[in-house]
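Chains as they are written, first to last, in the working numbering: chain A, -10 to 91; chain B, 320 to 445; chain C, 46 to 207.
Where is the CB? At the ideal position from N, CA and C, for every residue including glycine.
Here's the structure, in structure tokens; my notes come after.
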Amino acid sequence: MTFAALIALLVGMCMLLIRALIGPTMYDRVLAVNSFGTKTVLVLGLLGYVMGRPDFLDIAILYTLINFVSTIAILKFFRYRSFQVPLVRKTDAPARGGDRNG
Amino acid sequence: MADFVLLAGNTWETVRFPLGGAVCLFGAILCVIGTIGVMRFPDFYTRLHAASITDTSGAFLVLAGMALMAPSWLVLVKLFCMLGFLVLTSATGSHALANAAHTAGLQPKIGPVGQAGHQDHEEGDH
Amino acid sequence: MAYLLGIFVAIVAFWMGNSGHYKPLMLGFAALSVGLTLLLSARLKIIDREGAPYVRFVGFATYYPWLFWEIVKSNVVVIKACLRADLDINPALVKVKTTCKTDLAKVTFANSITLTPGTVTVEIDGDKLLVHGLYEANTVPEAFEEMDRRCARAADPSEKAS
């Protein structure tokens, strides 16, 4: 039963890869990769159960956090074309949206 | 009474593995349904909704199934941490994606969409 | 000092829950890592009210079960939309006004909207949220009033003290 769930998740991941390849806009691809990461976390946990080693859950926890950070990093890079810009809200209102390019 | 508790404990021990497997499988099927939605929906913002099925109900059910099959309380703690992180990060990630797309000028399709996947004009491709 | 103690307790509980080894050597490593983490958070200056949000536990403990039920209900709607043979969705973009005042309450509100399948917060500007929804009927501004009220009740009361 667990194995069947694992296979189903892998099928879903293959379909997401197709969306990441054909996705018309860049954001579709990022969405697919983000969702792929969530499924990877679940697959890691289930794999630990199938192989009888629940230690895999540690890796899954770590991957949850890395997945989030990588999504934010990719989006930040695509917005600013650089990792050096601090991600804080500007305090003065008129500067908002002036220096952003997609 | 003690007999009953012992019996209930034994039944729980035998029943929790098939039950946990079934819940895991159901969650995995929900994940696949969400992925089908990601493949079918016409534009980026609607695909985001389909992906959030995977992030909420699919992930929750798979984790709940794993919690039913948990061999020790340590695993339960880890699964609970994973659930908390997933709930916090997936919502924030979705919002970051939508906000980035909106700031970059990707216009959502508004209004009823009749037939599947035939409107292939996409705007704002970077 | 109370905030430092709160963070200390949370980190120690996290370590205990994740490790499972309670030999003296491992406990020594634990003390080392906890001390290092506290030092780093002191350098980051995040030992404050936001770092140890114990005051809000009661509010969130009543809010999240309700949110869970909302998520279940809207999941059914979106799953049906995914599996229908011919696609009939009606995406809409609405502006929602919120009564939440603190940043935490606004973040909770926006996160709850995003977490509920079928609605996504696209932009937050002051007290107005831009929400994209899968069905126009489900994304009228009135649909979010109860969630808004519950968010304000869960996360806002502490600002009365300050």
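Self-check item: LEU50 of chain C at chain B interface by Cβ criterion, 9 Å
Solution: Indexing the third sequence from 1 puts residue 50 of chain C at position 5. LEU50 of chain C does not count as touching chain B.
Quiz item: When you check each C-beta in the stretch 167 to 197 of chain C against every C-beta of chain B, which residues fall closer than 9 Å?
Solution: VAL167, GLU168, ILE169, LEU175, HIS177, GLY178, LEU179, GLU181
Exercise. With 7 Å as the limit, tell me which residues of the stretch 362 to 373 of chain B have their beta carbon closer than that to any beta carbon of chain A; keep them in chain order.
Key: PHE363, ARG366, LEU367, ALA370, THR373
Quiz item: Can you list the residues of chain B that GLY65 of chain C reaches, using a CB-CB cut of under 7 Å?
Solution: In the third sequence, counting from the first residue as 1, residue 65 of chain C sits at position 20. Per Cβ cutoff of 7 Å: LEU393.
Quiz item: At a Cβ threshold of 9 Å, is LEU160 of chain C touching chain B?
Solution: Taking the third sequence and counting its residues from 1, the one referred to as residue 160 of chain C is at position 115. Interface residue, yes.
Self-check item: Nearest to ASN120 of chain C (by Cα), restricted to the options C:GLY51, C:ARG195, C:PRO162, C:CYS145
Solution: The residue you call residue 120 of chain C lines up with position 75 of the third sequence. Selected option, being the one with the closest Cα: C:PRO162.
Exercise. Flag GLY356 of chain B as yes if its beta-carbon sits less than 9 Å from any beta-carbon of chain C, otherwise no.
Key: As a working note, residue 356 of chain B is residue 37 in the second sequence. It does; some Cβ of chain C falls within 9 Å.
Exercise. Just list the alpha helix (DSSP H) runs in the stretch 18 to 69 of chain A, keeping only unbroken ones of 4 residues or longer that don't cross its boundaries, in chain order.
Key: 45 to 69
Quiz item: For ALA420 of chain B, which residues from the same chain have a beta carbon less than 7 Å from its beta carbon, with the 5 sequence-adjacent residues on both sides left out?
Solution: As a first step, residue 420 of chain B must be located in the second sequence, where it is residue number 101. Taken in chain order, the residues that qualify are PHE363.
Exercise. Compare the C-beta of THR53 of chain A against all C-beta atoms of chain B and say whether one is closer than 9 Å.
Key: By one-based count along the first sequence, residue 53 of chain A stands at place 64. With 9 Å as the cut-off, THR53 of chain A counts as an interface residue toward chain B.
Self-check item: Residue burial classification, THR166 of chain C (beta-carbon count within 10 angstroms, cutoff 16)
Solution: Sequence index remark: in the third sequence, residue 166 of chain C carries index 121 (1-based). With 16 or more other Cβ atoms within 10 Å, it is buried.
Exercise. Give a yes or no on whether the minimum CB-CB distance between SER24 of chain A and chain B is below 9 Å.
Key: Along the first sequence, one-based indexing puts residue 24 of chain A at 35. It does; some Cβ of chain B falls within 9 Å.
Practice problem: Below 8 Å on the Cβ atoms is my guess for LYS151 of chain C versus THR144 of chain C; work out the distance and round it to an integer in Å. | Solution: Counted from its first residue, the third sequence places residue 151 of chain C at position 106. Counted from its first residue, the third sequence places residue 144 of chain C at position 99. Not a contact, Cβ separation roughly 10 Å.
Quiz item: What's the gap between the Cα of VAL185 of chain C and the Cα of TYR99 of chain C?
Solution: Mapped onto the third sequence, residue 185 of chain C falls at position 140. Mapped onto the third sequence, residue 99 of chain C falls at position 54. Taking the straight line joining both Cα atoms gives about 34 Å.
Exercise. Can you give me the Cβ contacts of VAL74 of chain A inside the same chain, cut-off strictly under 8 Å, excluding the 5 residues immediately before and after it?
Key: Translated into positions along the first sequence, residue 74 of chain A becomes position 85. Taken in chain order, the residues that qualify are LYS65.
Quiz item: Within this structure, are the beta carbons of MET4 of chain A and THR29 of chain A separated by less than 9 Å?
Solution: Position 15 of the first sequence, counting from 1, holds the residue named residue 4 of chain A. Position 40 of the first sequence, counting from 1, holds the residue named residue 29 of chain A. No, the Cβ-Cβ distance between MET4 of chain A and THR29 of chain A is not below 9 Å.
Self-check item: Beta-carbon proximity list for ALA206 of chain C, same chain, < 7 Å, skipping 5 on both sides
Solution: The sequence position of residue 206 of chain C within the third sequence is 161, counting from 1. Unreliable placement is indicated for ALA206 of chain C, whose pLDDT of 43 sits below 50; the coordinate value is still reported in the next sentence. Answer for ALA206 of chain C: no residue qualifies.
Self-check item: Nearest residue (CA-CA) to ARG18 of chain A, options B:LEU416, B:PRO431, B:MET401
Solution: Within the first sequence, the letter at position 29 stands for residue 18 of chain A. For ARG18 of chain A, the nearest C-alpha among the options comes from B:LEU416.
Quiz item: Using CA coordinates, which residue listed in C:ASN63, C:GLY65, C:ALA55 is at the minimum distance from GLY80 of chain C?
Solution: Counting from one through the third sequence, the residue named residue 80 of chain C turns up at place 35. Taking only the C-alpha atoms, the option nearest GLY80 of chain C is C:ALA55.
Quiz item: What's the gap between the Cα of THR354 of chain B and the Cα of MET40 of chain A?
Solution: Here residue 354 of chain B is taken as the residue at index 35 of the second sequence, counted from 1. Here residue 40 of chain A is taken as the residue at index 51 of the first sequence, counted from 1. One C-alpha to the other measures close to 26 Å.
Quiz prompt | Rounded separation between ILE92 of chain C and LEU10 of chain A - CA only | solution = Position 47 of the third sequence, counted from the first residue, corresponds to residue 92 of chain C. Position 21 of the first sequence, counted from the first residue, corresponds to residue 10 of chain A. Each residue's alpha carbon lies about 44 Å from the other.
Quiz item: Using a beta-carbon distance below 9 Å, is ILE91 of chain C in contact with chain B?
Solution: Locating residue 91 of chain C in the third sequence gives position 46, where the first residue counts as 1. So no, ILE91 of chain C is outside the interface.
Practice problem: Could you give the DSSP three-state label for GLY430 of chain B: helix, strand or coil? | Solution: Stepping through the second sequence from its first residue, residue 430 of chain B is reached at position 111. Here GLY430 of chain B sits in coil by DSSP.
Quiz item: Since PHE57 of chain A and THR408 of chain B are thought to touch, with beta carbons under 8 Å apart, how far apart are those beta carbons, to the nearest angstrom?
Solution: The residue you call residue 57 of chain A lines up with position 68 of the first sequence. The residue you call residue 408 of chain B lines up with position 89 of the second sequence. 4 Å between Cβ atoms; contact.
Quiz item: Along chain B, in chain order, which residues have C-beta atoms closer than 8 Å to that of LEU(-3) of chain A?
Solution: By 1-based counting over the first sequence, the position of residue -3 of chain A is 8. Just to set this straight, residue -3 of chain A is Ala in the shown sequence, not Leu. Result: LEU344, ALA347, ILE348, CYS350, VAL351.
Practice problem: For chain A, find out if any of its Cβ atoms is closer than 9 Å to the Cβ of PRO427 of chain B; answer yes or no. | Solution: Indexing the second sequence from 1 puts residue 427 of chain B at position 108. Residue contact with chain A for PRO427 of chain B: absent (no Cβ-Cβ distance below 9 Å to any residue of chain A).
Quiz item: Is it buried or exposed for ALA327 of chain B, if we count other Cβ within 10 angstroms and need 16 for buried?
Solution: Taking the first residue of the second sequence as 1, we reach residue 327 of chain B at position 8. With fewer than 16 Cβ atoms within 10 Å of its Cβ, ALA327 of chain B is classed as exposed.
Quiz prompt | CB of SER371 of chain B within 9 Å of CB of VAL123 of chain C, strictly | solution = If you number the second sequence from 1, residue 371 of chain B lands on position 52. If you number the third sequence from 1, residue 123 of chain C lands on position 78. Closer than 9 Å, so yes.
Exercise. Could you tell me the boundaries of the beta strand (DSSP E) in which THR164 of chain C lies?
Key: Start at 1 with the first residue of the third sequence, and residue 164 of chain C comes out as number 119. Where THR164 of chain C is concerned, the enclosing beta strand (DSSP E) stretches over 164 to 170.
Quiz prompt | As assigned by DSSP and simplified to three states, the class of HIS66 of chain C | solution = Residue mapping note: residue 66 of chain C aligns to position 21 of the third sequence, counting from 1. Reduced to three states, the DSSP call for HIS66 of chain C is coil.
Quiz item: How should ALA58 of chain C be labelled, buried or exposed, when 16 other C-beta atoms within 10 angstroms of its C-beta is the threshold for buried?
Solution: Here residue 58 of chain C corresponds to residue number 13 of the third sequence, with the count starting at 1. ALA58 of chain C should be labelled exposed.
Practice problem: Please specify which runs of the beta strand (DSSP E), each continuous and at least 3 residues long, are wholly inside the stretch 126 to 205 of chain C, giving them in chain order. | Solution: 137 to 142, 164 to 170, 173 to 178
Self-check item: Residues within the stretch 399 to 421 of chain B neighbouring chain A, beta-carbon criterion of under 9 Å
Solution: CYS400, MET401, PHE404, LEU405, LEU407, THR408, SER409, THR411, GLY412, SER413, ALA415, LEU416, ALA417, ASN418, ALA419, ALA420
Exercise. Reducing DSSP to helix, strand and coil, say where LEU83 of chain C ends up.
Key: As a first step, residue 83 of chain C is located in the third sequence; it is residue number 38 there, counting from the start. Residue state, collapsed to three classes: helix.
Quiz prompt | For SER413 of chain B, three-class secondary structure by DSSP | solution = The residue labelled residue 413 of chain B in the question sits at position 94 within the second sequence. SER413 of chain B: helix per DSSP, three-state reduction.
Practice problem: Pull out every residue of the stretch 135 to 153 of chain C whose Cβ sits closer than 7 Å to any Cβ of chain B, in chain order. | Solution: For the stretch 135 to 153 of chain C, which is checked against every Cβ of chain B, the residues closer than 7 Å are ASN135, PRO136, ALA137, LEU138.
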